[in-house]
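S.K.:
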Amino acid sequence: MQRLLTPEQARLLRQERSLIEELRIQLARLEAADEDLELLKRSLQQMDEFFLLVVVGEFNAGKTAFLNALLGSRLLQEGVTPTTSNIHVLRYGEQLSQDASHGDYLVIYVPVEWLREVNLVDTPGTNAVIQRHQEITEHFVPRSDLVLFVTSADRPFSESERLFLERVRQWGKKIVIVVNKIDLVEGSDERQEILDFVRENGRALLGIDPQIFPVSSRLALQAKQESPNGRPAGPLWEASQFEPLERYMIEQLDATERLRLKLENPIGVAANLIEKYNKVIVGRQELLRGDFQTLDTIEEQIAAYETDMRRDFKYQISHVDNVLYEMAERGDRFFDDYMRLNRLIDLMNGDKLRAEFERQVVGDTSRQIERHVSELIDWLVDKDYRQWQAVMDYLNRRAAQHADRIVGSMTSAFEFNRQNLLASVGREAQQVVDSYDREAESLKLAQEVQTAIIQTAAVEVGALGLGALLVTLLQTTLLDITGILGAGVLAALGLYVLPARRSKIKAELRQRVNELRSQLTNAMTRQFDTELKDSVQRLREAIAPYTRFVRVERERLDRMSADLQNARSQVNTLRTEIEHIL
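Residues in the sequence shown are numbered from 1279 upward in steps of one, following the numbering used here.
(1) Can you give me the C-alpha to C-alpha distance between VAL1830 and THR1803, rounded to a whole angstrom?
(2) Can you tell me whether ALA1582 is buried or exposed? The criterion is at least 16 other CB atoms within 10 Å of its CB, across all chains shown.
(3) From VAL1446 to PRO1420, what distance separates their C-alpha atoms?
(4) Determine, using beta carbons only, whether GLY1335 and LYS1341 come nearer to each other than 8 Å.
(5) Between LEU1290 and the rest of its own chain, which residues show a CB-CB distance below 7 Å, the 5 nearest in sequence each way excluded?
(6) What is the C-beta distance between LYS1459 and ALA1431, in whole angstroms, given that I count them as a contact (C-beta under 8 Å)?
(7) With 16 other CB atoms within 10 Å as the buried threshold, where does ASP1423 fall?
(8) Using a Cβ distance threshold of 8 Å, determine whether the region 1487 to 1497 contacts the region 1448 to 1458, with at least three qualifying pairs required.
(9) Is the region 1294 to 1302 in contact with the region 1383 to 1392, if contact means three or more CB pairs nearer than 8 Å?
(10) Under a three-way DSSP split, which group does LEU1531 fall into?
(11) Report the start-end ranges of each alpha helix (DSSP H) in the region 1497 to 1582 that is 4 residues or longer and not cut off at the edges.
(12) From ALA1785, ASN1338 and GLY1450, pick the residue whose C-alpha is nearest to that of PRO1402; which is it?
(13) For ARG1649 and GLU1577, what's the separation of their Cα atoms in angstroms?
(14) Answer yes if the region 1565 to 1573 comes into contact with the region 1794 to 1801, meaning at least three C-beta pairs across the two stretches below 8 Å, and no otherwise.
(15) Taking the DSSP output, what are the residues bridged to TYR1387?
(16) Using 8 Å as the threshold, is the C-beta distance between VAL1813 and GLN1594 below it?
(17) When the Cα of ARG1818 is compared with those of ILE1783, GLU1584, ALA1785 and PHE1806, which residue comes out closest?
(18) Taking the alpha-carbon of VAL1333 as reference, which of GLU1607, GLN1530 and THR1429 has the nearest alpha-carbon?
(19) Which whole-angstrom value describes the C-beta separation of THR1575 and VAL1601, a residue pair presumed to lie in contact below a C-beta threshold of 8 Å?
(20) Between ALA1517 and PRO1510, how many whole angstroms is the CB-CB distance? I'm expecting something under 8 Å.
(21) Using a Cβ-Cβ cut-off of 7 Å (strictly less than) and excluding sequence neighbours within five positions of GLN1848, which residues of its own chain qualify?
(22) Roughly how many angstroms separate the alpha carbons of ARG1302 and LYS1557, rounded to a whole number?
(23) Suppose contacts are defined by Cβ-Cβ distances below 8 Å. Is LEU1384 in contact with GLN1376 by that definition?
(24) Of all the options ASP1382, LEU1345 and GLU1356, which has the alpha carbon lying nearest to the alpha carbon of LEU1368?
(25) Quick one: complete alpha helix (DSSP H) runs, 4+ long, within the region 1593 to 1647?
(26) What does the alpha-carbon distance come out to for the pair ASP1400 and GLN1563?
(27) Please report the residue range of the beta strand (DSSP E) in which SER1430 lies.
(28) I need the boundaries of the beta strand (DSSP E) containing GLU1329, first residue and last residue.
(29) Helix or strand or just coil, what does DSSP make of PHE1827?
(30) When you compare only the Cα positions, how much space is there between ASP1836 and HIS1380?
(31) When the distance is taken between beta carbons, is LEU1330 closer than 8 Å to VAL1547?
(32) For PRO1434, which of helix, strand or coil comes out of DSSP?
(33) One question on the structure: do ILE1559 and VAL1598 come within less than 8 Å of each other, judged by their Cβ atoms?
(34) Just how far apart, CA to CA, sit PHE1591 and VAL1669?
(35) Is DSSP giving VAL1659 helix, strand or coil here?
(36) Taking DSSP as the reference, what is the three-state secondary structure of GLN1355?
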C-alpha cells in the first residue's frame, strides 16, 4: 500500500502503526487477552494487505446466494441448513482453485477482475446453531475494512441480527446493509415499508443513516447466467435491483475510499480495545479503592487499639497504686497508734515492732500487687490476641467479598496477586491466632516485667519470682523505717521529740512507698510501651505486602489510565485527519 500513498497519507499510516504498536505494549502490561493482542498485530499486518470486504448475516438470509450473484456464478454451495462451517476468502486467481492450508478459513481463487484489489469474505451464519460458527464469524469481523450485512426481506432485522450488528458497530466498522430476497415482497408500498423499517432500526443502532441496497440475488444470478456477453440487462436484471449495489462497489469504493476505510480499520479496533480495557482499569481502580478503605480501616483500628490500650493501662496500673496507697494509709494509722508514750515498751522492742509493722501495714501487699500485675499482663496478652483476630476477620471478609469477581471478565496477574496477598496476610494472621499461647505469652511478659523492676530497683533477688521481689522491696522499706525507732535512738533524743519523730517517720514511709510505686509504675509502663509497640509493629509488618501491592498497583493503574487517555486522544486526532485528508 505504501507505493500508492501521498506524503500526507504515508504520514498518517506511520502514525497509525506507532499508535497500534504502543497500544499493544500498554495492553500487554495490563495482561490483555492474547486474542486482543493478536487482533492489534493483525491490524498492523492488514495495513499492507488487500482491502477486506466481509459479508455477514444469518444463514437463511441468502448470504451465499448473494455472493454467487456478485461473482456471476454459482461458485459457493447454497442450502437451507448452515453448511458454511469455515470462513471463505475469495481472492483473484487466473483460474478457479482452492487452498485449504489456512486453518479456519478456505481460500478460493476466482477469475473475477475486481477481486484484484479486494478480498471478499463469506462467513458462517450469525445465528448458526453451531456455536463454533458464531465464534469464527465474530472473531473475523474486527479484521474487516467494510462489512456487508445481508438481511432477508421476509424477516428483516431479527433480534439476533440486532445483537450481532451491535457488536460489529463497537469495532467502528463501516456497515452497508443488503436487504436480500426483495422479489418475495409484492407491491412497492410494502417494499418501501420494509426499507423504512430497516433504515429506522439501522439509524437507531448505528447512529447514522446506513447505506441500504434492496436486491434479489436469485434474479441477479439468473440474469448474469443468461447474459451471453457478461453484461446483464433486461427485465430480470432490472427486477433484481442489483446494479446500484455493483455501481456502489465499483464507483464509490474506489481507491481513495478503500484507503480511507483501510486506515480507519485499525483505528476502530484500537478505539474498541481502549474502551474495553479502560473499563478493566476503572474496575481495578474501584477494587483498589475498596482495598485502600480496608487498609485505612485497619490503620484506624490499630490507632484506636493503641489509644484504648494506653487509656486502659492507666486504669490497670491504678490497681497497683491503690494497693500501695492503702498500705501507706495503714502505716499512718500504725504509727499514730504505736508512737505514743503509753506504748513506750512496745517501741523499745524492735523485733516486735517490726513484726507488727509487717503484719498490720505490709500484710499481703506483695500478693495483691503480684495479682494485679498478673491480671494486667493477662489483659495485655488478651488484647493483643483479640486485635490479631479482629484484623484477620476483617481481611477475610474483604477477600471473600470479591472472591468470585474477575475484573474485565478475565483471570489476570493483578487479580491473582491481589487475592494471593489477601489470602497470605489472612493466613498469617490466622496462624498467629491459632498458635497464640496465652499462658506462655503471659509468663514471658511477667519475666520481662520482673527484669525491668529489678533493673530499676537495683536489688538482687536471684531467681525469685515477682512476688518475692516485691517482698524484698517492702522489707527494705520496713527496715529503713523501723530502724529509726530503736531504743538507742529514743534514748538519745528523749521522749519530748516523739511527736516530731512520728511526723517524720510517717513522711518517710510515704516517701518510700511513693518511690516503690514510682519504680513499679515506671518499670511496668516502659515494658507496656515496648510490648504495645511490638504488637503494633507485628500487625503492620503482617499487612505490609498487601499495603505495598495496593499502593504500587494504584500508581501503575493511574499511569496506564493516563496512557489510554492519551491513546484515545491520538485515535480521535487520526480519525479527524483521515476524514480531512481523504
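Here a beta-carbon is modelled for each residue, glycine too, at the ideal position from N, C-alpha and C.
M.R.: Reading it off the structure:
(1) Here residue 1830 refers to the residue found at position 552 when the sequence shown is read from its first residue. Here residue 1803 refers to the residue found at position 525 when the sequence shown is read from its first residue. One C-alpha to the other measures close to 38 Å.
(2) Here residue 1582 refers to the residue found at position 304 when the sequence shown is read from its first residue. Exposed, since its Cβ has fewer than 16 Cβ neighbours within 10 Å.
(3) Numbered from 1 along the sequence shown, position 168 holds the residue referred to as residue 1446. Numbered from 1 along the sequence shown, position 142 holds the residue referred to as residue 1420. Their Cα atoms are separated by approximately 8 Å.
(4) Residue mapping note: residue 1335 aligns to position 57 of the sequence shown, counting from 1. Residue mapping note: residue 1341 aligns to position 63 of the sequence shown, counting from 1. Closer than 8 Å, so yes.
(5) Position 12 of the sequence shown, counted from the first residue, corresponds to residue 1290. Setting aside the 5 residues that flank it on each side, LEU1290 is surrounded in the same chain by LEU1541, LEU1852, GLU1855, ILE1856 and ILE1859, each with a C-beta closer than 7 Å to its C-beta; the list follows chain order.
(6) Translated into the one-based positions of the sequence shown, residue 1459 becomes position 181. Translated into the one-based positions of the sequence shown, residue 1431 becomes position 153. Correct: roughly 5 Å between the Cβ atoms.
(7) As a working mapping, residue 1423 is identified with position 145 in the sequence shown. Buried: at least 16 other Cβ atoms inside 10 Å.
(8) yes
(9) no
(10) If you number the sequence shown from 1, residue 1531 lands on position 253. Three-state result, LEU1531: coil.
(11) 1513 to 1518 and 1521 to 1525
(12) Within the sequence shown, numbered from 1, the residue matching residue 1402 stands at position 124. The shortest C-alpha separation from PRO1402 is found at ASN1338.
(13) As a working mapping, residue 1649 is identified with position 371 in the sequence shown. As a working mapping, residue 1577 is identified with position 299 in the sequence shown. Straight-line Cα distance between these residues: approximately 33 Å.
(14) No: the two stretches stay apart, fewer than three of their Cβ pairs being nearer than 8 Å.
(15) Taking the first residue of the sequence shown as 1, we reach residue 1387 at position 109. In DSSP, TYR1387 forms a bridge with ARG1369 and SER1375.
(16) As a working note, residue 1813 is residue 535 in the sequence shown. As a working note, residue 1594 is residue 316 in the sequence shown. Here residue 1813 is Ser; the residue named in the question, Val, does not match the sequence. Cβ distance not < 8 Å, so SER1813 and GLN1594 don't count as in contact.
(17) Sequence index remark: in the sequence shown, residue 1818 carries index 540 (1-based). Here the closest residue by C-alpha is GLU1584.
(18) Along the sequence shown, one-based indexing puts residue 1333 at 55. Measuring from the Cα of VAL1333, the nearest candidate turns out to be THR1429.
(19) Sequence index remark: in the sequence shown, residue 1575 carries index 297 (1-based). Sequence index remark: in the sequence shown, residue 1601 carries index 323 (1-based). No, THR1575 and VAL1601 are not in contact; Cβ-Cβ is about 39 Å, not under 8 Å.
(20) As a working mapping, residue 1517 is identified with position 239 in the sequence shown. As a working mapping, residue 1510 is identified with position 232 in the sequence shown. About 11 Å separates the CB atoms of ALA1517 and PRO1510; that is not less than 8 Å, and the two are not in contact.
(21) Stepping through the sequence shown from its first residue, residue 1848 is reached at position 570. The answer, listed in chain order, is LEU1297.
(22) Stepping through the sequence shown from its first residue, residue 1302 is reached at position 24. Stepping through the sequence shown from its first residue, residue 1557 is reached at position 279. Each residue's Cα considered, the two are about 17 Å apart.
(23) For the purposes of this step, residue 1384 is taken as residue 106 along the sequence shown, with counting starting at 1. For the purposes of this step, residue 1376 is taken as residue 98 along the sequence shown, with counting starting at 1. Yes, the pair counts as a contact, with Cβ atoms nearer than the cut-off.
(24) By 1-based counting over the sequence shown, the position of residue 1368 is 90. Cα-wise, what sits closest to LEU1368 is LEU1345.
(25) 1622 to 1626 and 1628 to 1635
(26) Taking the sequence shown and counting its residues from 1, the one referred to as residue 1400 is at position 122. Taking the sequence shown and counting its residues from 1, the one referred to as residue 1563 is at position 285. Whole-angstrom Cα-Cα distance: 42 Å.
(27) On the sequence shown, residue 1430 is found 152 positions in, with the first residue counted as 1. Unbroken beta strand (DSSP E) run through SER1430: 1424 to 1430.
(28) As a working note, residue 1329 is residue 51 in the sequence shown. Here residue 1329 turns out to be Phe, not Glu, going by the sequence shown. Note, PHE1329: beta strand (DSSP E), 1329 to 1335.
(29) Sequence index remark: in the sequence shown, residue 1827 carries index 549 (1-based). Looking at PHE1827 - three-state DSSP - the assignment turns out to be helix.
(30) Mapped onto the sequence shown, residue 1836 falls at position 558. Mapped onto the sequence shown, residue 1380 falls at position 102. ASP1836 and HIS1380: Cα-Cα distance of roughly 41 Å.
(31) Your numbering for residue 1547 matches position 269 in the sequence shown. Your numbering for residue 1330 matches position 52 in the sequence shown. Remark: C-beta atoms of VAL1547 and LEU1330 do not approach each other more closely than 8 Å.
(32) What you label residue 1434 is simply residue 156 of the sequence shown in a count that begins at 1. Residue state, collapsed to three classes: coil.
(33) Taking the sequence shown and counting its residues from 1, the one referred to as residue 1559 is at position 281. Taking the sequence shown and counting its residues from 1, the one referred to as residue 1598 is at position 320. No, the pair does not count as a contact, with Cβ atoms beyond the cut-off.
(34) Indexing the sequence shown from 1 puts residue 1591 at position 313. Indexing the sequence shown from 1 puts residue 1669 at position 391. Going by the C-alpha atoms only, they are around 22 Å apart.
(35) Here residue 1659 is taken as the residue at index 381 of the sequence shown, counted from 1. Here VAL1659 sits in helix by DSSP.
(36) On the sequence shown, position 77 is the one that residue 1355 refers to. Here GLN1355 sits in coil by DSSP.
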